[in-house]
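To convert, count from 1 in the sequence shown and add 17; that's my numbering.
Where is the CB? At the ideal position from N, CA and C, for every residue including glycine.
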Amino acid sequence: MARAVTAVKVERSCFVDTLQVTGVVQPRHDVLVRAERDGQQVSQILVEPGDTVTSGQVLLRLKQPEAQRGGAETAVQAPAAGLVYGASARIGAGVSASGEPLFRIARDGELELLGETPVDLMGRLAPDQLARLDIIGVGEVAGRLHRISTSVNPVTQLGQVAIAIGADPRVRIGVFGKATIELARRCGPALPVSAVLYGDGGAVVQVVRNDRIETRRVTVGLIRGDEAEVREGVSEGETVVARAGAFVRDGDRVLPVAARPQPAQ
């Protein structure tokens, strides 16, 4: 007599392999603005942090100290367009060509998330891989992997990676964020995890063929929730026992009963 078994169809589904990286947002290209020579004083400040500037725009003006009257004012210009995110200039303060930058500019307003990842995972990374970033205070923004370090920290065995965010006025420099990098995307046969039985010989499923059980070895790929990617062993449209090992063996006659769909959560 045939035993009734709950069965499911092998269906096509898409799986995404990802890697998570945490880090801090910083300028992708940092432009430091300093005076060309020592000895002058700040007489006028024309921009402040948060302002967007163009290349060549005057940021501040310098004058000679009172003890050295005469001589025209000097204009300090932005060497590149971008977002002003730091300023140390103060009215009346002296300037130095080698001292603290008067302004810091994120060139073109472009930002990146700089994080670290274990060395054994770095080989799976490649430039231009897509990423989803969860930035504190902002939420989800799109990104793209643009730099992978060629060296690693000898103590931690972590290597740096940088995910380009692009110009986004909501994102603040210095804030923490988490990036989910898309390593691979594959679509193909998929089964419930419960349909796969693991043993000494590897993973198997119980295929229902001509109302009989056929135990078949499979290669399992990515797992997403309660669904497993099957790289080899079964094809879309085939029927398998929904819960492997359910008191049936290879060659047993069975009566497949369709599994009930799970209620929506």
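Cα-Cα separation, residue i to residue j
i: Ile240; j: Pro66; result: 46 Å
i: Ile108; j: Val136; result: 48 Å
i: Tyr102; j: Thr39; result: 22 Å
i: Pro118; j: Ala52; result: 8 Å
i: Gly250; j: Val225; result: 13 Å
i: Phe32; j: Ser72; result: 45 Å
i: Ala201; j: Val169; result: 24 Å
i: Val178; j: Gly132; result: 5 Å
i: Ser105; j: Val50; result: 10 Å
i: Ile285; j: Ser30; result: Any answer about residue 285 is impossible in this case: the structure gives the chain only from 18 up to 282.
i: Ser60; j: Val48; result: 22 Å
i: Arg121; j: Glu28; result: 54 Å
i: Ala84; j: Asp55; result: Note that Ala84 scores a pLDDT of 49, beneath 50, so its modelled location is shaky and nothing firm can be said.
i: Val42; j: Arg203; result: 30 Å
i: Pro44; j: Gly194; result: 14 Å
i: Pro298; j: Thr35; result: Any question about residue 298 goes unanswered here, given that the chain covers just 18 to 282.
i: Ile182; j: Ala123; result: 12 Å
i: Gly191; j: Leu130; result: 9 Å
i: Arg248; j: Phe264; result: 26 Å
i: Gly262; j: Ile230; result: 11 Å
i: Ser115; j: Ala97; result: 19 Å
Exposed unless 16 or more other CB atoms sit within 10 angstroms - verdict on residue i
i: Pro171; result: exposed
i: Pro206; result: buried
i: Gln174; result: exposed
i: Glu253; result: exposed
i: Ala19; result: exposed
i: Arg270; result: exposed
i: Leu208; result: buried
i: Ala281; result: Note on Ala281: pLDDT 49, under 50, position unreliable in the model; the coordinate value appears next. Exposed: under 16 other Cβ atoms inside 10 Å.
i: Thr167; result: exposed
Element boundaries [alpha helix (DSSP H), containing residue i]
i: Leu49; result: No alpha helix (DSSP H) holds Leu49; the beta strand (DSSP E) holding it covers 47 to 50.
i: Asp137; result: 136 to 139
Boundaries (first-last residue) of the beta strand (DSSP E) holding residue i
i: Val221; result: 219 to 226
i: Glu253; result: Premise fails: Glu253 is in no beta strand (DSSP E) and is neither H nor E.
i: Glu127; result: Element bounds for Glu127: n/a, residue is neither H nor E.
i: Ala95; result: Segment: none, Ala95 is in no beta strand (DSSP E) and carries neither H nor E.
i: Ala159; result: 156 to 165
i: Glu244; result: 244 to 249
i: Ser60; result: 58 to 62
i: Glu65; result: Careful: Glu65 lies outside any beta strand (DSSP E) and carries neither H nor E.
Cβ shell of residue i (< 6 Å), same chain only, five flanking positions each side left out
i: Gln74; result: Ala95
i: Gly126; result: Gly99, Leu100, Ala184
i: Ala220; result: Val213, Val235, Val237
i: Thr291; result: Because the chain spans 18 through 282 in this model, residue 291 falls outside it and cannot be assessed.
i: Val305; result: Since the first residue shown for the chain is 18 and the last is 282, residue 305 is missing from the structure and cannot be characterised.
i: Met139; result: Gly176
i: Val93; result: Leu76, Leu77
i: Arg187; result: Val155
i: Ile165; result: Leu142, Val178
Own chain partners of residue i with C-beta closer than 8 Å, once the 5 adjacent residues on each side are dropped
i: Gly218; result: Arg234
i: Gln57; result: Leu79, Lys80, Gln81, Pro82, Thr91, Gly111, Val112
i: Glu288; result: What the structure shows of the chain is the stretch from 18 to 282, and residue 288 is not part of that stretch, so it cannot be assessed.
i: Gln146; result: Arg161, Leu162, Ile198, Glu199, Leu200
i: Gln37; result: Lys195, Ala196, Thr197, Ile198
i: Ala259; result: Val22, Thr23, Ala24, Val25, Pro209, Ser211, Ala212, Ala276
Residues bridged to residue i (per DSSP)
i: Ile198; result: Leu36, Ala148
i: Tyr102; result: Paired residues: none, contrary to the question.
i: Ser362; result: One cannot answer for residue 362 here, as it falls past the ends of the chain, which runs 18 to 282.
i: Ala275; result: Ala24
Own chain partners of residue i with C-beta closer than 7 Å, once the 5 adjacent residues on each side are dropped
i: Thr232; result: Val221, Gln223, Asp267
i: Leu63; result: Val75, Leu76, Leu77
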